[in-house]
Amino acid sequence: MGNLFYLHEYSDGSADMSHSCGFVKVEHETGWMMSSRVSLEFSIRGMYSVGECRCSICALVPDGDYMSGIKMDDIAVNNGFGRAKCEFIDTNMGGSGFDWNDAVAVAVVTDAGGLAAVASWDDTDTAYPYDMIRFGAKKNTVPQKEHAQQEAVEEHTEAGEKEIAAEEGSKPEFLQIEEIETKPENGDIIIPEEEKADEMPLTRMQVFSRMQEDCDYVDAFDDDTYYDCIEITPDKLRTLLQYECTGAKTGDGIDVEQNSFLMHGFYTFRHILAGRVQSDENAMLIGVPGVYSNKERFMAGMFGFNNFRRSHRSDCRNPYFGYWYREI
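Quick note on full-length UniProt numbering: the sequence shown kicks off at 1 and runs consecutively.
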């Protein structure tokens, strides 16, 4: 349904709370995802403007003694009338470090930098003075949620490596090579002795082959479009992304730490799926486990996983379980 808030026009540096110049409809889809969608629908009627002007839509967030103004989108206002709709993720708005839950108002800012209108939901009818708003400010501290996310990944990765080392004590070669390649002392990739003769750096698929030697294969799908799949951790995915592929694919574009959708799938199902692509021997499948729904489809697309395949894994009874995936 959403909530409606009146827009109040600015005059002489503060909001005229007695004069409405339109409204904004706010929808915030909260749920089980770490990040959720926010939708703002603006309808401006009677705001002072001369001809056509382009304005910015900004979220206002308390920041100490000031308000931080974070730009979210643009809106065109023609002779006092304008309509616009913008959608965004509620965490780290505009790269500012602020979340939507921190915001107390939205504002319309003219292209000349002046505040034109504001809609507030903090129940105080505050007339925010323009000189108390700082546009383009960033939060000084890292959100606690990001700290917790990073610590959880590190703890899980460390525990997983210890468990693998204990169970696979008879195969130390791969673990030793992986540790050297992932964390070399001088920051460069160290080539194993047997490959130094050719002076060829390791490819991504060679590193993946070594990971497969130490893992059980997962029968994930009905056909062989994607095959030889294994379960990996975000740490191993970061390792794979450090190596170049020999095919035409470039610009993988996966920032593991900042990809909230990928990390949520890992936290929930304790793995990320990696496999080979039948049509391209130099490409890899990266799959995030999940359950198909329209909401999850939107979130997956926001983070680069636009495709979904149902899985027939025997250890999952949900008929809608599968993987949101992409090829790298």
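Every residue, glycine too, gets a C-beta built ideally from N, C-alpha and C.
Have a look at the DSSP bridge pairing and note the partners of residue i.
| i | result |
| --- | --- |
| ILE272 | ILE232 |
| THR110 | CYS55 |
| PRO62 | MET67 |
| GLY22 | ILE44 |
| PRO289 | TYR323 |
| VAL104 | According to DSSP, VAL104 bridges with nothing at all. |
| ILE75 | CYS55 |
| ASN3 | VAL26 |
| GLU9 | ALA117 |
| MET284 | ARG276 |
Can you check whether the CB of residue j is closer than 8 Å to the CB of residue i?
| i | j | result |
| --- | --- | --- |
| PHE269 | PHE305 | no |
| TYR243 | ILE230 | no |
| ASP228 | GLY275 | yes |
| ARG210 | LEU240 | no |
| SER36 | GLU29 | yes |
| ASN307 | TYR320 | no |
| GLY97 | LYS138 | yes |
Measure the beta-carbon distance from residue i to residue j and round it to whole angstroms, keeping in mind my assumption that it falls under 8 Å.
| i | j | result |
| --- | --- | --- |
| LYS71 | LEU40 | Incorrect: roughly 12 Å between the Cβ atoms, too far for contact. |
| ILE232 | ILE272 | 5 Å |
| TYR226 | VAL277 | 6 Å |
| LEU60 | ALA107 | 6 Å |
| ILE44 | GLY69 | Not quite, the Cβ-Cβ distance comes to about 18 Å (not below 8 Å), so this is no contact. |
| MET299 | PHE208 | Wrong, their Cβ atoms sit about 27 Å apart, outside the cutoff. |
| CYS58 | ILE75 | Wrong, their Cβ atoms sit about 11 Å apart, outside the cutoff. |
| residue 334 | ASP99 | Because the chain here runs from 1 to 328, residue 334 falls outside it and cannot be looked at. |
| TYR323 | GLY301 | Their Cβ separation, rounded to whole angstroms, is 14 Å, which puts TYR323 and GLY301 out of contact at 8 Å. |
| PHE42 | GLY22 | 7 Å |
| SER311 | PHE221 | 6 Å |
| PHE88 | VAL24 | The Cβ separation is near 14 Å, so there is no contact. |
Hey, could you find the ends of the alpha helix (DSSP H) residue i is sitting in?
| i | result |
| --- | --- |
| ALA119 | Run containing ALA119: none in the alpha helix (DSSP H); it sits in the beta strand (DSSP E), 115-120. |
| ARG297 | 294-302 |
Which stretch, first to last residue, makes up the beta strand (DSSP E) that contains residue i?
| i | result |
| --- | --- |
| PHE308 | 307-310 |
| PHE42 | 37-45 |
| ASN259 | ASN259 -> no beta strand (DSSP E), and no H or E assigned at all. |
| ARG83 | 81-89 |
| ILE133 | 133-135 |
(request) Taking only runs that begin and end inside the region 198-227, name each unbroken beta strand (DSSP E) of 3 or more residues, in chain order. (result) none
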